[in-house]
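From first to last, the protein sequence lines are chains X and R.
If you're matching positions, the first sequence starts at 1289 in our numbering and goes up one per residue.
If you're matching positions, the second sequence starts at 4 in our numbering and goes up one per residue.
All C-beta atoms in this analysis are idealised placements derived from N, C-alpha and C, irrespective of residue type, glycine included.
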Amino acid sequence: MKNKLSISSRILVSFASGALVAVFFLPVWRIDLFAPQYPEGLMMNIWINRLSGDVDIINGLNHYIGMKHISVGMFPEFRFLPWVVAFFMLLGVIVAVTGSRKYLLYYLLLTVVGGSLAMVDFYNWGYDYGHNLDPNAAIQVPGFSYQPPLFGHKRLLNFDAYSFPDVGGWVVAGASALAFLVWLIEWYRHRKIKPL
Amino acid sequence: MKHSFFKLLPAVTLLVIGLTALPGCKPNGTQSAVSGDAAAKTYIAPGKYDEFYDFVSGGFSGQMSVYGLPSGRLFRVIPVFSVDPEKGYGYSEETKAMLNTSNGFVPWDDLHHIALSETDGIQDGRWVFGNANNTPRIARIDLKTFKTAEIIEIPNSAGNHSSPFITENSEYVVAGTRFSVPLGDKQDVPINTYKDNFKGTVSFIGVDKTSGNMSLAFQILLPGVNFDLARAGKGKSHGWFFFSCYNSEKANTLLEVNASQKDKDFILCVNWKKAEEYIKAGKGQKKTVSYVHNTWDEKKHMATSTLEKEVLVLDPKELKDMVYFMPCPKSPHGCDTDPSGEYIVGSGKLAAVIPVFSFTKIQAAIAAKNYDGDYDGIPVLKYDAVLHGEVQKPGLGPLHTEFDANGNAYTSFFVSSEIVKWSVKDLKVLDRVPTYYSIGHLSVPGGPTRKPWGKYVIAYNKITKDRYLPTGPELAQSAQLYDISGDKMKLILDFPTIGEPHYAEAIPAELIMKNSQKIYKLEDNQNPYATLGDNKARVERKGNEVHVYMTAIRSHFTPDNIEGVKLGETVYFHVTNMEQDWDVPHGFAIKGANNAELLVMPGETQTLAWKPEKVGVFPMYCTDFCSALHQEMSGYIRISPAGSNVPLSFSTGTNLPSTSADPAAEKPAVK
């Protein structure tokens, strides 16, 4: 019993994992592009299983420099990401039901690993998108490559690109932070008990 | 002597101010409001928006122009009744039908008046109507797209001048005939039988509440006079319509003398609610006519003409209590109702006073049958019984009157070239300012409605003379903007216009800009010749016709190489703009085409028919600078002799038929 999570911690963990359901209804990431001709900006939303926003317009512009046509088909991730999220939600429920601190630790470790893998994957896609250009493209700047920003702002030719989490992404970040906070509290609570 | 000098002083002062203000119409952001008064009032900084849209008739240009106020900047010329090669209007296969009439294809007209749609007597920003004065028609322009959506011809009419004035819920726009003409089967009559054979009509065109579609509801048969201008009643006078008319002398020659004989002509008062009752009771007579109704299908991007055969005619000789004549001095022109709907201002072009009639008194006179005889069987109301009063010594040659929200009227004077401000209640002249020169119409934003927005009065002038840098014998006509927010009217801007501006209406920008459409959605494109994908681009022969189903996207046409067309065949280029981004139109032009270019908006399909006259290779290209590689957006079509056996082929990116001698054919086009 001593090693178990408190009731309030269990409720918080189940709330955190339950909140992940939001990403099925909200975009996770957003990329904003601004240029002299696009003062109103262009936007692309990334969901766990699709894209939305001005994807066609961005494709129309980027083909000049030989970037690939962005489409749902080029992301195999879209096929398994919903399952990954479902898995995390299930894991959260297991943590809450069992009240196991060990499982909570696994849950956190997996969250960190999963999040890191997602960012690495995103970076790799960006690298391929920006470097693996069509040799017959109309505009070719020798030695120039386009690494899109992973997080934050970057200037690409006439475009200012911004890459940030969208609402769904913030929900994931919040849920993870909450789970981490629970773990910290529990760690602190048990640390005090032990010397007794 | 002294008295007249002081009378002139304000005019002279204003003239001097007006002239010195001209070079001051430049960005002067840091100057104080006093010294840079006029400039500051009309200056709209780069990137900022005007407060009003101003829809200005193009007169003999046949088009309608759109300006911003107070800057006077021209935003767009909407093609309405005249062909416009720049936009392919009247030249593309899809738009040709817009200009069909019972007289065939009419490529030009004369657009005089503007009517913005209203709900509860307030401008609603949905549609703007314009009249064709020469070949009688009314056009409706959709203010989501700023495109002519519909044109309806008016039968039994000639010279549709008294049009398209609108009722306060856009129930009707009207069309009063300027020239009376023989009606019915007996058309071939001697002109000198005018008095016996010529008739006038006023037509009421219904406007559908949701779609805006027009239909000719009914016509009222009237004596052979010349109907000039009109205004709907509003508020308490809603249900009535007022039409000024001249030539009650019924002259058919030398009208300037023969139609100016009588001391008074008329304003026709129409109780259109009564007319509706008669129609409901089945009283109208269906007459066989022939007129054309053209509608633009926003999804097909195509116009269709329908020949209509019937009109419902109401004859006031039989249907009593529907129309009355009201005497009005000397060939009345403008006939304007004030925001309350109580007062009707008649402007006798040759009159020394401005009569103001009272709707309440009109009703009382009708109830008491206070008539001054009749004119061709229509009761004439007693002038004194319906008169609210006369504005004394207002100026020379009154034409039109508009209103502000504070009970003031503004009347334009052609002969004395001025605007006179006067109080509707007590008929006192309050202020006068000169116009440069010879003002026709004038307009206050919202001036003809129940809710004038005020702020400005704009003069639309007939003569420009020395106002601008000279451009040979033919000069621009002009508009002048006056600030009316204070007691005194102040000239603050002067700008040239297209064609000849007659009437104009201004409306707050926010009522329109929020609905302005950016693109046409490709998934909604139902044009039968649309090509919705590069892979569907193709060339097909159909008898003597070759149909090119072409796509345009930055920065190429698909197909862009076409061979196998023979002299004697007609080539139809059906160009679909695949862009779905704001402000990326593509143009299409081909060497030697004897019609025009196409200008295709994003998501739209338009067709250019081309009958080559020579054998050879003809380049085609995009005419609207669309991208960094716009100059590359081009292609060729090869025209072979009539009996040639060159097979029909088309391609983009690879050569078809390929030639081994061509190095490009060996290089893979796409990796």
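Open item on the list: Rounded to the nearest angstrom, what separates A306 (chain R) and P1315 (chain X) at their Cα positions?
Closed with: Computed Cα separation, rounded: 42 Å.
- [ ] Output yes if chain R places a C-beta closer than 7 Å to the C-beta of D1454 (chain X); else output no.
- [x] Closer than 7 Å: no.
Task: D341 (chain R), enclosing beta strand (DSSP E) - first and last residue - done: Counting along the chain, D341 (chain R) falls outside any beta strand (DSSP E), and DSSP gives it neither H nor E.
Task: Bounding residues of the beta strand (DSSP E) (the contiguous stretch that carries F1312 (chain X)) - done: No beta strand (DSSP E) holds F1312 (chain X); DSSP gives it neither H nor E.
Open item on the list: Checking the sheet assignment: what are the DSSP bridge partners for R140 (chain R)?
Closed with: The partner list for R140 (chain R) (beta bridge, DSSP) reads R:A135 and R:E156.
Open item on the list: What would DSSP say about G380 (chain R), mapped onto helix, strand or coil?
Closed with: Coil at G380 (chain R), not helix or strand.
Open item on the list: For R1298 (chain X) and V1401 (chain X), what's the separation of their Cα atoms in angstroms?
Closed with: Cα to Cα, R1298 (chain X) sits roughly 22 Å from V1401 (chain X).
Task: CB contact below 7 Å: L632 (chain R) versus chain X - done: For L632 (chain R), the answer is yes, since a Cβ of chain X falls inside 7 Å of its Cβ.
Open item on the list: I'd like to know whether the C-beta of D584 (chain R) is nearer than 7 Å to at least one C-beta of chain X.
Closed with: Chain X places a beta carbon closer than 7 Å to that of D584 (chain R), counting this residue as a contact.
TODO: With DSSP collapsed to three states, give me the class of M101 (chain R).
DONE: DSSP, reduced to helix, strand and coil, places M101 (chain R) within a helical segment of the structure shown.
Task: Under 7 Å between C-beta atoms of K424 (chain R) and N409 (chain R) - done: No.
- [ ] Determine which residues of the stretch 1332-1356 of chain X have a Cβ less than 9 Å from any Cβ of chain R, and write them out in chain order.
- [x] Cβ contacts with chain R: D1342, D1344, I1345, G1348, L1349, H1351 and Y1352.
- [ ] From the DSSP output, in three-state form, read off I501 (chain R) for me.
- [x] It is coil, neither helix nor strand.
TODO: In angstroms with no decimal places, state the Cα-to-Cα distance between A667 (chain R) and N1347 (chain X).
DONE: Bear in mind that the predicted position of A667 (chain R) carries a pLDDT of just 46, short of 50, making it too unreliable to give a figure here.
Open item on the list: For K569 (chain R), count the other beta carbons within 10 Å of its own beta carbon; 16 or more makes it buried, fewer makes it exposed. Which is it?
Closed with: It counts as buried.
Open item on the list: In this structure, how does DSSP classify Y94 (chain R) when only helix, strand and coil are distinguished?
Closed with: Under the three-state reduction of DSSP output, Y94 (chain R) falls in the coil class, being neither helix nor strand.
TODO: Check the C-beta distance from I347 (chain R) over to F362 (chain R) and give it rounded, since I have them as a contact under 8 Å.
DONE: Indeed they touch by this definition, with Cβ atoms about 7 Å apart.
Task: Proximity below 7 Å, CB of N580 (chain R) to CB of A555 (chain R) - done: A555 (chain R) sits close to N580 (chain R), with the two beta carbons spaced by under 7 Å.
Task: Sequence-distant residues of the same chain with beta carbon closer than 6 Å to E313 (chain R), five excluded per side - done: Within the same chain, E313 (chain R) has close Cβ partners K289.
- [ ] Measure how close the beta-carbons of M447 (chain R) and Y413 (chain R) come, nearest whole angstrom, since I'm counting them as under 8 Å.
- [x] Just to set this straight, residue 447 (chain R) is Val in the shown sequence, not Met. The Cβ separation is near 6 Å, so the contact holds.
TODO: Report all residues from its chain with a CB closer than 6 Å to the CB of V389 (chain R); omit the five preceding and five following residues, and keep chain order.
DONE: Answer for V389 (chain R): M329, F360, K364, I365 and A368, listed in chain order.
Open item on the list: Counting only beta-carbon separations shorter than 7 Å, does A1426 (chain X) have a partner in chain R?
Closed with: A1426 (chain X) counts as touching chain R.
Open item on the list: So, for S85 (chain R): in the same chain, excluding its five sequence neighbours on each side, which residues have a beta-carbon less than 7 Å away from its beta-carbon?
Closed with: Result list for S85 (chain R): S64, G65, Q66, P110, W111 and D112, in chain order.
Open item on the list: Considering only their Cβ atoms, is the gap separating S1451 (chain X) from I1319 (chain X) smaller than 7 Å?
Closed with: The Cβ-Cβ distance between I1319 (chain X) and S1451 (chain X) falls below 7 Å.
- [ ] Return helix, strand or coil for N538 (chain R), following the three-state DSSP convention.
- [x] It is helical.
TODO: Assign F1368 (chain X) to one of two classes, buried (16 or more other C-beta atoms within 10 Å of its C-beta) or exposed (fewer than that).
DONE: With fewer than 16 other Cβ atoms inside 10 Å of its own Cβ, F1368 (chain X) counts as exposed.
Open item on the list: Taking 7 Å as the limit between beta carbons, can you name the residues of its chain near E97 (chain R), skipping five residues before and five after?
Closed with: Within its own chain, the residues whose Cβ lies closer than 7 Å to the Cβ of E97 (chain R), once the five positions on either side in sequence are excluded, are H304, M305, A306, Q609 and T610, listed in chain order.
Task: Given S74 (chain R) as reference, the closest of R:K90, R:G93, R:N136 and R:E54 once Cα atoms are compared - done: Comparing Cα positions, the closest option is R:E54.
Task: Inside the stretch 273-317 of chain R only - alpha helix (DSSP H) runs reaching at least 4 residues - done: Unbroken alpha helix (DSSP H) stretches of 4 residues or longer found wholly inside the stretch 273-317 of chain R: 275-283, given in chain order.
Open item on the list: Given a cut-off of 7 Å on the beta-carbon distance, is the pair D57 (chain R) and Y70 (chain R) in contact?
Closed with: Yes; because the gap between Cβ atoms is below 7 Å, this pair is in contact.
Open item on the list: With distance defined between alpha-carbon atoms, name the residue in R:S481, R:N528, R:A235 and R:S419 nearest to H505 (chain R).
Closed with: Ranking R:S481, R:N528, R:A235 and R:S419 by Cα distance to H505 (chain R) puts R:S481 first.
Task: Reduced DSSP secondary structure (H/G/I, E/B, other) of A479 (chain R) - done: Coil.
TODO: Output the boundary residues of the beta strand (DSSP E) element that contains H1419 (chain X).
DONE: Where H1419 (chain X) is concerned, there is no enclosing beta strand (DSSP E), although the alpha helix (DSSP H) around it starts and stops at R1389 to H1419.
Task: Interface positions of the stretch 555-573 of chain R facing chain X (Cβ-Cβ less than 9 Å), listed along the chain - done: The stretch 555-573 of chain R vs chain X, Cβ under 9 Å: I556, R557 and S558.
TODO: Say whether chain X places a C-beta atom closer than 7 Å to the C-beta of G32 (chain R).
DONE: Confidence in G32 (chain R) is poor, its pLDDT being 37 and thus under 50, which makes the residue's placement too unreliable to answer from.
Task: Contacting residues, own chain, Cβ-Cβ under 6 Å from S654 (chain R) (five flanking each side not counted) - done: Beyond the five residues adjoining it in sequence on each side, S654 (chain R) comes within less than 6 Å, by CB distance, of P562 and N564 in the same chain, given in chain order.
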